[in-house]
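In the working numbering, the protein residues as written are 323 to 516.
All C-beta atoms, glycine included, are put in the ideal place defined by N, C-alpha and C.
Owing to the predicted nature of the structure, the values given are computational and were not obtained by experimental measurement.
See the structure below:
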């Protein structure tokens, strides 16, 4: 009688298939790492130059040798700054960046923004001072006027005229406050009853 041979997995073929799977996996991982290095430009970084003070118009129209792309994302008024000059940049100067990086710029606005004058009537002088500063307005001077209400804002003056809350004023403008000065008048004598 002849014995039939059946196909069974031999130990040798299992080890061969496992070895092939490991080799293919290692080759795939090596290919992925090499491709990632190529696409991410690993190891090729530039130091970010300082663009603060330069005009944003010239920067946005030119491309640097590093391929930076300039994007103006905010305008802010800063007294004394040349309109259009770069105030802040992101990434900051000196940081390591890749080729083609977007550089976000905050530039100086040509004019201060217009704001609404807050309600200042009938509040304490200290609170009015804080409100003016938080809105970017300047308290030019305080005029005291006789009143039974000590340090309470009685009137708000802008360019010499009385103004109310809600008018449009440019940031940095000067405001004058008229506040109460309590003048206690003590009688010379107590009136006698007759």
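| request: Express the C-alpha separation of residue 497 and residue 404 in angstroms, rounding to a whole number. | output: 25 Å
| field | From 491, 332 and 445, residue whose alpha carbon lies closest to that of residue 477 | value | Of the listed residues, the one whose Cα sits closest to residue 477 is 445.
| said: Judging by CA-CA distance, which residue of 472, 434 and 468 is the nearest neighbour of residue 448? | reply: 472
| Nearest-angstrom Cα separation, counted from residue 415 out to residue 395 | 17 Å
| field | Alpha-carbon to alpha-carbon, residue 393 and residue 384 | value | Near 12 Å, if we compare the C-alpha coordinates of residue 393 and residue 384.
| From the DSSP output, which residues share a beta bridge with residue 396? | 428
| query | Ordered along the chain, which non-local residues of its own chain (more than five positions away) have a Cβ less than 7 Å from that of residue 375? | reply | 407 and 408
| query | For residue 449, does the three-state DSSP call read helix, strand or coil? | reply | helix
| said: Using the three-state DSSP reduction, which class does residue 383 fall into: helix, strand or coil? | reply: Collapsing the DSSP output to three states places residue 383 in a helix.
| query | Can you tell me whether residue 342 is buried or exposed, with buried defined as 16 or more other CB within 10 angstroms of its CB? | reply | exposed
| message | Could you give the first and the last residue of the continuous beta strand (DSSP E) run that contains residue 437? | response | Element bounds for residue 437: 436 to 438.
| task | Kindly identify the DSSP beta-bridge partner or partners of residue 468. | result | In the DSSP output, where bridge partners are listed per residue, residue 468 has 503.
| request: Return the residue from the list 389, 397 and 428 that minimises the CA-CA distance to residue 422. | output: 389
| field | Closest by C-alpha distance to residue 397, when choosing among 378, 391, 387 and 413 | value | 378
| request: Using three-state DSSP, classify residue 475 as helix, strand or coil. | output: strand
| task | List the residues that DSSP assigns as beta-bridge partners of residue 411. | result | 427
| query | Which same chain residues, not among the five before or five after residue 424, have their C-beta less than 7 Å away from its C-beta? | reply | 391 and 393
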